[in-house]
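For the sequence shown, the numbering used here assigns the number 26 to the initial residue and increments by one for each residue that follows.
Don't be surprised by glycine CBs; every beta carbon is placed ideally from N, CA and C.
All values reported here derive from a predicted model rather than from experimental measurement.
Shown next, in structure tokens, is the structure this report addresses.
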Amino acid sequence: MPLTCNIDQRGRTMRIVIGAMIEGPGWLLLVLKFLGKIEGDWPWFVGAAAILGGMFMIVEGALGWCAVRAMGFKTPI
Numbered sequence: 026m027p028l029t030c031n032i033d034q035r036g037r038t039m040r041i042v043i044g045a046m047i048e049g050p051g052w053l054l055l056v057l058k059f060l061g062k063i064e065g066d067w068p069w070f071v072g073a074a075a076i077l078g079g080m081f082m083i084v085e086g087a088l089g090w091c092a093v094r095a096m097g098f099k100t101p102i
């Protein structure tokens with residue numbers, strides 16, 4: 026089943042921008058953990074989750090498809 030476009034240009038742009046804003050701190054966490062600046066195991070998990078979530082939002086924006094809207098919820102943008 027192909028993904029049909031369910032968001033407009035404004036929604037696409039917003040998803041790409043917010044995805045990048047979520048992905049950036051994820052990369053920062055992983056780099057700081059790799060360099061030994063942060064202790065514990067949590068940065069690996071939180072950083073990876075932020076990167077994956079941000080990448081998913083960027084893909085949504087690029088495709089013009091929103092998973093939440095596909096489930097029937099109305100989003101304001």
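Given a cut-off of 8 Å, decide if G72 and L55 are closer than it, judged by their beta-carbon atoms. yes
Grouping DSSP H, G and I as helix and E and B as strand, with all else coil, what is M82? helix
Beta-carbon proximity list for C91, same chain, < 8 Å, skipping 5 on both sides: N31, I32, G36, R40, E85, T100
With DSSP collapsed to three states, give me the class of E4. Lying before the first or after the last residue shown, residue 4 is absent from the chain, which here runs from 26 to 102.
Excluding the 5 residues flanking P68 on each side, which residues of the same chain have their C-beta closer than 6 Å to its C-beta? L54, K58
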